[in-house]
Each structure stands twice: as C-alpha cells, then as structure tokens.
Amino acid sequence: MAAASDQNVEFVQTGYGKNNVKVLVIRRQGSHHYIIELKADVELTLKSRKDYLTGDNSDIIPTDTIKNTVHGLAKLKGVKTIEQFSLDICHHFLTSFNHVLKARVHLEEAPWRRLEKNGVEHAHAFIFSPEACRFCDAEQNLNGIPVVHSGVKNMTLLKTTQSGFEGFHKDRFTTLQETKDRCFCTSVMARWRYSKSQDVDFDAAWKCVKETIIEKFAGPYDLGEFSPSVQKTLYETQVLVLDRIPRDGHAQPALHHHRHDENGINNKDEVFLPWITLQAASQGRSVGNRKPSCEGTYINQEMLLL
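Those letters in the sequence shown? Residues 1 to 306, by the numbering used here.
This is the structure we're talking about:
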C-alpha cells in the first residue's frame, strides 16, 4: 500500500486525554463527615506533534497517569469545589510538564445530599438526589490566564398551569392549536463564564443561578406567573440572573406534555401523555448588561440562550 501524502494536510486541533475518571472524597471532622463525588474528563495538548507524524511517544503522558494524577491531587489538595479542583488539575499539568501547551478539564459533581430529619442533619449518611447536575469547565494555555465556566444541567421543571401559547404564525403546514392554558415542562442546561478565577465563591454563585432559574419559572408560590411562550420565559430568566449575577450561559429547551384523551372518558385536563420532542428547539441570542460591570463583579456580563 502506498504511503499517504501529508503535503495537503494540516493540523487543525490536537489533544488527547482520559474521560470518566471518578473520585469520591471524604472529609472527616470528628464524627461529622463531608463528601464530594465527581467525574473528570481531562484533555492535554502537547507542543510537539511527533507522536502523530513519526510515532514517537516520548512526550505522551499516558492516560493512566492522567487518571492517577486526578486521584493524587484529590488526596493532596482536597476538593473544596469542582471549579477550584479543575483549576488545580490544569495548573499541575502546565507546571509539571514543560511540553504541555494546554489543559482542559470538565468536571461533574454527583448530587449527594445529607440525610436530615426534623431539622437534624445526619453525621455521615447521604442520599443520591438527582434534582440537578452541577458541572464546570476549565481551560488554560501555557503562561495564560485560566478560563472557568460553571453550569447546571438535567434540571427538569414542570408547572401544570400559568402557561399558554397563542398568536403564533400559521401556514398550510400548521396543525398546532392555540391554547390559553397548558402544562409547561422544560429541561434546563445553563452555563456561565467567570471573569476571574481567584477569590470567587463558586458555591454561592452556582446556588444563586440555580435558585433564580427555578424562581422565575415557577413565580410566586401562591399564584405562579404566566408564561406566554418559552422564549419570553427564557429572556426574563436571563435578565433576572444578569441582574443578580452577571454571567455567560445557555439553556436547552422544552419537553412538552400534550393532553391525552381516551374515548368514553371525560378528561377534564387531568390525564396527559408525556413525550419528548427532540426536534423542538427554542433558540435565543446573547443578552447582556449595557452598563459596565460594577467593581467586584466576577461573572461575565453576557448570557446566551440556545
């Protein structure tokens, strides 16, 4: 077989790494224990490309070493937040190996919640509570400033009224009927970028964004808040979050619940058929504050909804 020619070939992007590295960290303070479980994806870009061009593996840091490094750093440095730990991983590879050009880390935190009864927390027992998944991404070039994103995903919200959809454009292919009252169910994935990576309360920022999204979707607890469209609710959520914590992010759109009617049964909007519309995608654009960010603000001012 003839050798392939590389005269018309160029490298667009290179990188390799280890995915799905799982770690459970237990911090003990007397009889009171704290846990954090995470899953890590680590990708490295090397200065040379001789491993691709000549098969010279002398610069390659084995993926098994990458896995062991994640475990080792969790032991040596601990895991205060997944954002800080992702920065620790980037810093290690860029300072320990002079031939690493870039490090990228994606971390996801398992949603463990401490057991509690009558306001009393259990000292060392937890329950897996997948209400939402917290994740982060960190990327740093050699001698560069790290860039950190945080996010929440797999957070599914549903309200059974205070949502409608009317006045939309119709043509000969339109079959959807207008409605003043419908179920509104959405699966949220939001992501935002920090404008700095030091002296940031990552826990407080993540909690604030998550609670703001839920608050705007649900509205006041006695009456709720009407949503005339997914787009309007997405926009108003962005505005409220940017008002509280300026940021960069995006969210994925809705799951729809359609009314299910059975022959011979008087269904007064009580029985529905849940299904997922994979093709329905409510898309938005970048939203940000016009005025300059206030001193001390540490989350980027622009937010993007997709």
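Even for Gly, the Cβ is constructed at its ideal location relative to N, Cα and C.
Computed from a predicted structure; not experimentally measured.
Of the listed residues the options, nearest to residue i (C-alpha basis)
i      : options                           : result
TRP206 : ASP222, PHE217, MET189 and GLY219 : MET189
GLY17  : GLN7, ARG28, ASP64 and GLN29      : ASP64
SER229 : THR69, GLY164, VAL100 and ARG244  : GLY164
ASN83  : ASP56, LEU53 and LYS39            : Position check: residue 83 holds Glu in this sequence, whereas Asn was assumed. Answer by Cα proximity: LYS39.
PHE128 : ARG134, GLU178, ASN141 and ARG113 : ARG113
LYS210 : LEU94, LYS75, ILE36 and SER150    : SER150
GLY15  : LEU46, ILE36 and ILE89            : LEU46
ALA74  : CYS133, ARG193 and ASP88          : ASP88
ILE214 : GLU166, ASP56 and LYS159          : LYS159
LEU115 : HIS32, THR237, VAL23 and ASP199   : HIS32
LEU24  : ASN141, ALA125 and GLU37          : GLU37
GLN162 : VAL9, ASP222, THR69 and ARG49     : ASP222
SER187 : LYS153, SER197 and GLU166         : LYS153
HIS92  : HIS122, ILE61 and GLU121          : ILE61
PHE97  : TYR52, PHE85, HIS122 and SER48    : SER48
LYS67  : GLN13, PHE168 and LYS22           : LYS22
SER197 : VAL70, GLN140 and ASP51           : GLN140
GLY144 : GLN29, CYS90, VAL200 and LYS77    : CYS90
Cβ neighbour criterion (16 or more within 10 Å) applied to residue i
i      : result
LEU234 : buried
ASN20  : exposed
ALA138 : buried
THR309 : There is simply no residue 309 to check, as the chain begins at 1 and stops at 306 in what is shown.
LYS180 : exposed
GLU108 : buried
LEU44  : buried
ALA254 : With a pLDDT of only 45 at ALA254, under 50, the local geometry of the prediction cannot be trusted, and the value read off the model is given with reservation. The residue in question, ALA254, is buried, as its Cβ has 16 or more Cβ neighbours within 10 Å.
ARG259 : Only weak support is given to the placement of ARG259: the predicted model assigns it a pLDDT of 48, under 50, and the value that follows is read from those uncertain coordinates. It is exposed - the Cβ of ARG259 has fewer than 16 other Cβ atoms within 10 Å.
VAL100 : buried
LEU242 : buried
ARG172 : exposed
ALA103 : buried
SER58  : exposed
GLY296 : Confidence at GLY296 is low in this model, with a pLDDT of 39, below 50, so the placement of that residue should be treated as unreliable; the coordinate-derived value is given next. By the 10 Å Cβ count, GLY296 comes out exposed.
VAL79  : buried
THR69  : buried
PHE313 : Any property of residue 313 remains undetermined from this structure, which presents the chain solely from 1 to 306.
ALA251 : Note that ALA251 scores 46 on pLDDT, short of 50, meaning its location in the model is unreliable and no value can be drawn from it.
Close-in-space but distant-in-sequence residues of the same chain around residue i (CB under 6 angstroms, 5 per side omitted)
i      : result
GLY219 : GLU225
LEU240 : THR212 and LYS216
HIS106 : ASP41 and ASP137
TYR34  : ARG27
PHE135 : GLU108 and GLY151
VAL157 : Looking at the sequence itself, residue 157 is Leu, so the reference to Val does not match. Closer than 6 angstroms at the Cβ level, and outside the excluded window around LEU157, lie THR186 and PHE217.
LEU142 : LEU94 and LEU101
Cβ shell of residue i (< 7 angstroms), same chain only, five flanking positions each side left out
i      : result
CYS208 : ARG244 and ILE245
GLN7   : none
GLN279 : The pLDDT assigned to GLN279 is 40, lower than 50, so where the model puts this residue is not dependable; a value taken from the coordinates is nonetheless given after this. So no residue of the chain qualifies.
HIS71  : VAL23
LYS117 : none
ASP56  : LYS50
Contact set for residue i: own chain, Cβ-Cβ below 8 angstroms, skip 5 residues either direction
i      : result
GLU131 : PRO111 and MET155
PRO292 : Reliability fails at PRO292, whose pLDDT of 41 lies under 50, so the model's placement of it is uncertain and no value is given.
VAL9   : none
GLU166 : GLU178, THR179, LYS180 and PRO228
CYS133 : GLU108, GLU109, PRO111, VAL152, LYS153, ASN154 and MET155
PHE11  : ARG49 and TYR52
HIS124 : SER31, HIS32 and HIS33
LYS77  : PHE85 and ASP88
HIS122 : ARG114, LEU115 and GLU116
PHE126 : ILE35, TRP112, ARG113, ARG114 and LEU115
Contact belief for residue i with residue j at Cβ below 8 angstroms, rounded distance in angstroms
i      : j      : result
PHE202 : THR81  : 4 angstroms
ARG193 : VAL147 : 7 angstroms
Neighbour flag for residue i against chain C, beta carbons, 7 angstroms
i      : result
CYS133 : In the structure shown, chain C cannot be found, because there is only a single protein chain.
Check: residue i C-beta below 6 angstroms from any heavy atom of the ligand FMN
i     : result
ARG49 : The model on display carries no ligand, and the ligand FMN is accordingly not part of it.
Length at least 4, wholly inside the segment 3 to 74: the alpha helix (DSSP H) runs in chain order: Correct list: 50 to 53.
Whole runs of the beta strand (DSSP E) within the segment 64 to 142, excluding any shorter than 3 residues: If we require 3 residues or more, the beta strand (DSSP E) runs fully inside the segment 64 to 142 come out as 100 to 109, 112 to 117, 120 to 128 and 133 to 141.
Start-end ranges of the alpha helix (DSSP H) lying completely within the segment 183 to 223, minimum 4 residues: Taking only runs of at least 4 residues, the alpha helix (DSSP H) segments lying wholly in the segment 183 to 223 are 202 to 218.
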